[in-house]
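S.K.:
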Amino acid sequence: MKHLTSCIHLLLITCAACIIFPSSIYALNTQSLEREIDQLITEHQDDSAGLAVQVVQDGEAVIRKSAGYGDLEKQRAVDDASVFEWGSVSKVLVWISVMQLAEEELLELEQDIEHYLPNSFEFPKPIQLQHLMNHTAGFDDTFTDLMLPAPAEIPSLAQALENADVRQVFQPGEVAAYSNYGAALAAYIVERVSGQDYREYVHNHIFRPLGMEHTSIDPLQRDHQWVKEQRLKIKGYTAENERMAPDFYAIPLYPAGSVIGTANDLGLLAAALLSEDGHPLFKQAETIHQLFQPTDYYPGTDIPRMANGLFALPASSEVYGHGGNTAAFSSSMYLDQKKGIGVLVLTNQANESNFTLGIPDLLFGKPEHHTEGQGLEDPSVWKGVYEPARMPHHGFSKIYGVLNRISVTTSGSKDLKTNGVVYAQRSPGVYISDGELGIYSRDMYSKHPVHGNILSAYNGDLLQVPMWRHVLDWCLIGIGLISVLYSVILLGIAGFRKTMRRAAILLPNVLNVLLAAAVSGMFYQALSFTAYDSLKVFMAFSLVYVMMAGSFCAAWLAVRWTFHFTKGQMVYFIFTVLSCVSLCVNVMYWEFYR
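Its first residue numbered 1, the sequence shown is counted upward by one per residue in our numbering.
1. Going by other Cβ atoms of all chains shown within 10 Å of its Cβ, with 16 needed for buried, is TRP474 buried or exposed?
2. Using only alpha-carbon positions, find the residue among GLY395, THR262, THR144, VAL193 that is nearest to ASP533.
3. Between HIS214 and TYR320, what straight-line distance do the alpha-carbon atoms span, to the nearest angstrom?
4. Residues in its own chain within less than 6 Å of ALA160 by CB, not counting five upstream and five downstream?
5. By Cβ distance below 6 Å, which residues in the same chain neighbour ARG231 in space, the five residues on each side in sequence not counted?
6. For THR136 and GLU174, what's the separation of their Cα atoms in angstroms?
7. Quick one: what's MET306 bridged to in DSSP?
8. Please look up how many angstroms separate the CB atoms of LEU129 and VAL98, rounded, as I've assumed it's under 8 Å.
9. Starting from VAL385, trace the beta strand (DSSP E) both ways and give me its first and last residue.
10. Identify the continuous alpha helix (DSSP H) that holds PHE364 and give its terminal residues.
11. Could you name the residues of the same chain whose beta carbon sits closer than 6 Å to that of LEU273, not counting the 5 residues immediately before and after it, in chain order?
12. Which residue or residues does DSSP assign as beta-bridge partners of LEU462?
13. By the DSSP assignment, the beta strand (DSSP E) with TYR431 in it spans what residues?
14. Consult DSSP for ILE217 and reduce its assignment to one of helix, strand or coil.
15. Spell out a yes or no on whether the stretch 573-593 and the stretch 515-526 are touching, meaning 3 or more CB-CB pairs, one atom from each, closer than 8 Å.
16. From what residue to what residue does the beta strand (DSSP E) around LEU335 run?
17. Can the beta-carbon of LEU185 be found closer than 9 Å to that of PHE248?
18. Where do the N-terminal and C-terminal ends of the beta strand (DSSP E) with THR262 fall, by residue?
19. Rounded to the nearest angstrom, how far is the Cβ of TYR593 from that of MET444, given a contact under 8 Å?
20. Closer than 8 Å is the cut-off here; do at least three beta carbon pairs connect the stretch 373-386 with the stretch 408-428?
21. Hey, how far is the Cα of ILE19 from the Cα of LEU281?
22. Ends of the beta strand (DSSP E) at GLN57?
23. How about LEU310 and PHE292: do their beta carbons lie closer than 9 Å?
24. Just to confirm before moving on: does the CB-CB distance between GLY70 and ILE234 stay below 9 Å?
25. With a 10 Å radius around its C-beta and 16 neighbouring C-beta atoms as the bar for buried, classify TRP86 as buried or exposed.
26. Once DSSP output is grouped into helix, strand and coil, what is the label at GLN159?
27. Give me the residue from VAL465, LEU313, HIS451, TRP468 with the minimum Cα distance to LEU437.
28. Cβ atoms of PRO219 and SER258: under 9 Å apart, would you say?
29. Just the C-alpha distance for LEU481 and VAL513, rounded to the nearest angstrom, thanks.
30. Could you name the residues that DSSP lists as bridge partners for GLN230?
31. Give every residue of the same chain whose Cβ lies closer than 8 Å to the Cβ of LEU578, excluding the five residues on either side of it in the sequence, and list them in chain order.
32. Considering only the beta carbon of each residue, do GLY68 and ALA81 sit closer than 9 Å?
33. Specify, as a first and last residue, the run of the alpha helix (DSSP H) that THR576 falls within.
34. If you follow the beta strand (DSSP E) that ASN325 is part of, which residue opens it and which one closes it?
35. Residue ranges of each beta strand (DSSP E) run of no fewer than 3 residues wholly in the stretch 171-213, ordered along the chain?
36. Give a yes or no on whether the C-beta atoms belonging to LEU101 and LEU93 are separated by under 9 Å.
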């Protein structure tokens, strides 16, 4: 009897403890998890640079590890004083700031953002602040002014936004297209509403209250000399573990990705976001819970996609967070707020995923998906070519959209294959790949009345491209390349054959080659992280080319019978005219002039 009474007492005490300390229900097997992390590090040690990882629970780091080198050449190991670039994890600070001001009733998430902006900011279609947080404001993207190699000065946030070559191309709320511009615009609203510079606001309302004493947000680290000095000690490496030079770039739209700091400081932020009351970030516990409430879902489903700027990680529980990449660093922070468990990973390697995505998978697992069986659809309805919505839709860089298209085909009678990876159908519109990292394991398909078939991935939508347009785009590119090749060959022949040295033949082909050089230079500059203004000389030449080549073709049509060519010269001349026409069409179609 006494034994039974003791068991009952023990059971009651255990139940009471679970009510009073709910997070203890989800106690981690830290030893097992740490072994798995160590094994993952060992597997990739030959192709990895440096790494810092923390697993946070109940307000403290229960696992804290560093591995590899901040400087491989000098064999300088990663330690607690190592600083890392957060990349887009910096956006979490923007969303915290927005929620703080919403808590103070200084702004409303569903208000038209023009209410908070000066008259110089106008958008064709009304945008809510929530659209910015969900990346559904309808903005396209740009490949210029994203990062600049060590500039002496950085424009103000307002100037950087006004200079950005970004346009609103979708109806707000219709398409998910990840946007650095949208996040920076939200930070500018924080500036306008709070009356403080965004950097000052973050220091006053996030860094100082949390004791984050080793973190900088200024794009040139002018707000923290120690961080600036430490950043010089850590080097950046490619995914193949080769030294990057240069490896430091300043970000004009700095709220979107300029934070640099230690892993311990990021751990303090994670702990605050995992706390039950959100203190000291928020005054009311309701606000921290609202931050982690879903605000956007995959089309036609009840599967969460976003929670106030935080991405839903496909996992075995409700996990939200953010990943980040700069030119030479990769990072991630994912949090299960309900269980009070989170993980952060920082590396000094570009496009790193073995750790930034692999370690969260170890902690949170992958979601379970059950096949419906009888209710499966014919997957052929989703076959086709898709282009990311997050692409430039205007100007010279819109050609990148063609280069980033993916092909979706059927695999068997029920599944789909995307760029060679098979995704098994679990239910209509839901396709899963068990072999992929959790973040890439789920593709969702839906139909939109305006945009047609949409493939919804983790951080954005891809829109189906009509096959006629896909073929047209590649035909134009192919004909343009053939035209340039023709001009190069003809000029080479002219160097050996005097009969080809006619100005009417040579000059247009010289122009063709110069255009190819200008366009190549423009794209090389853009891919090397440059300012939009530095490309204007190339764009100006594209316009000059169209005028000169167009004049040449018009003149030929007017006086074509007055030229005294041999039969062979006439053939070359006609092909020269055709090459000029094809290149003029390419310049105008791809907008190489702007």
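Ideal Cβ positions, reconstructed from N, Cα and C, are used throughout, including at glycine. Here the structure is a predicted model, which means the values were calculated and not measured.
M.R.: The short version:
1. exposed
2. THR144
3. 25 Å
4. PRO252, LEU253
5. VAL83, ILE260
6. 7 Å
7. ASP296, PHE311
8. 7 Å
9. 384-388
10. 358-364
11. LEU335
12. PRO388, LEU455
13. 430-432
14. coil
15. yes
16. 330-336
17. no
18. 260-262
19. Not quite, the Cβ-Cβ distance comes to about 38 Å (not below 8 Å), so this is no contact.
20. yes
21. At ILE19, the pLDDT of 43 sits below 50, so the modelled position is not reliable; the number obtained from the coordinates is stated separately. Their Cα atoms are separated by approximately 25 Å.
22. 50-57
23. yes
24. yes
25. buried
26. helix
27. LEU313
28. yes
29. 11 Å
30. According to DSSP, GLN230 bridges with nothing at all.
31. SER483
32. no
33. 567-589
34. 320-325
35. none
36. no
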